[in-house]
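Here the structure is laid out as structure tokens; the discussion comes afterwards.
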Amino acid sequence: MLSYLHRLFTYNAWANKLILDKILILDAPDKTVIKLFSHILASEKIWFSRIEGVNTSGIELWPNVSPDMLESLFIDNRKLENEQVTHLKEFDLDTDITYTNSAGIEYHTPLKDILTHLVIHNGYHRGQLALEMRKSSVEPVNTDFITFVRQGG
């Protein structure tokens with residue numbers, strides 16, 4: 012399972028980097044596109060912080076950031092991912108993580124389920140991003156997992 016999760020996170024970073032690069036070349040990116048992508052990055056930060064046992068109540072789930080701030084958020088998350096995901100052992104995946112969600116409710120969830128959620132959650136919002144780009148007459152990038160695989164991922 013661990014090698015599969017590593018692959019999913021490699022895919023996730025690849026897909027998010029494609030989105031980031033696309034946004035950065037646009038003259039005037041749509042505000043909804045920025046909002047969705049900043050949410051993806053904020054939610055990653057929240058989940059990585061929860062895994063570390065950090066209180067996330069001060070992290071905004073839907074931050075209002077400028078396009079030029081997205082790259083630093085992306086880089087920060089890759090550092091957190093490297094610290095947390097790449098050094099895991101198989102037995103770590105069943106460890107319950109205790110955290111409080113954005114509504115103030117405490118949960119205990121196995122790490123493997125949190126990591127799986129993070130990747131699926133991002134894919135959901137990348138689909139929304141693609142739709143919003145098309146609405147703005149911008150051709151979205153292909154972030155399909157099978158495209159990642161075909162490109163050697």
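So the sequence shown is numbered by my numbering: it starts at 12 and just counts up by one. Ideal Cβ placement from N, Cα and C applies to all residues, glycine included. All of these numbers come straight from a predicted model, not from anything done at the bench.
Indicate whether at least one CB of chain B lies closer than 8 Å to the CB of residue i.
i	result
Asp105	The displayed structure is made up of one protein chain only, and chain B is not part of it.
Using the beta-carbon count (16 or more within 10 Å), is residue i buried or exposed?
i	result
Leu31	buried
Glu150	exposed
Val160	exposed
His98	exposed
Ser83	exposed
Ile157	exposed
Excluding five sequence neighbours on each side, which residues of the same chain lie with their C-beta closer than 8 Å to the C-beta of residue i?
i	result
Tyr118	Thr109, Tyr110, Thr111 and Asn112
Glu143	Asp41, Thr43, Val44 and Leu47
Glu101	Met12 and Leu13
Tyr135	none
Asp105	Pro121, Leu122 and Lys123
If you drop the 5 nearest sequence neighbours on each side, which residues of the same chain put their C-beta closer than 7 Å to that of residue i?
i	result
Trp58	Ile125 and Leu129
Ala141	Pro151
Thr21	Gly164
Is the beta carbon of residue i less than 8 Å from the beta carbon of residue j?
i	j	result
Asn27	Asn93	no
Leu122	Asp103	yes
Where residue i and residue j are concerned, what is the direct C-alpha to C-alpha distance, given to the nearest angstrom?
i	j	result
Ala24	Arg89	7 Å
Asp79	Leu35	7 Å
Leu81	Ser49	7 Å
Arg18	Ala114	31 Å
Measuring CA to CA, which of the options is closest to residue i?
i	options	result
Ser77	Leu37, Gln162 and Gln139	Leu37
Asn153	Arg137, Gly164 and Lys146	Arg137
Tyr15	Ala39, Val96 and Ser147	Val96
Excluding the 5 residues flanking residue i on each side, which residues of the same chain have their C-beta closer than 6 Å to its C-beta?
i	result
Ile62	Gln95 and Ile108
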